[in-house]
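In full-length UniProt numbering, the protein residues as written are 1 to 93.
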């Protein structure tokens, strides 16, 4: 549930999720998916549904043996419905 604009302005230390994602544009982002996959890339843009465009993407898969690189992509359009967590600043290395 979104806070009313008045409530958001009352606490200057309050950071809304969309503001945090906006700050990440142009920076490395670690995306943990609902599946066993993880993506690390540079965030180029996103929409209100947190669909996002990532560039220079490395894809990881977690298995019983550990995490392994499964692919590298120049650019990807990611559906926001499949995202479990976003970690600003880089990846699992």
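Glycine is no exception: its CB is placed at the ideal position from the N, C-alpha and C atoms.
Note that the structure is a prediction, hence the values are computed from the model and not measured.
Going by the CB atoms, is the gap between residue 76 and residue 31 shorter than 7 Å? no
Which stretch, first to last residue, makes up the beta strand (DSSP E) that contains residue 22? Where residue 22 is concerned, there is no enclosing beta strand (DSSP E), although the alpha helix (DSSP H) it sits in stretches over 17–23.
Write down the C-beta distance between residue 88 and residue 29 rounded to the nearest angstrom, noting that I regard them as a contact closer than 8 Å. 6 Å
Could you pull the start and end residues of the beta strand (DSSP E) that residue 39 belongs to? 37–46
For the stretch 43–53 and the stretch 20–28, state whether three or more C-beta atom pairs, one from each stretch, are separated by less than 8 Å. yes
Could you say which of 71, 44, 61 lies nearest to residue 36 if we only look at CA atoms? 61
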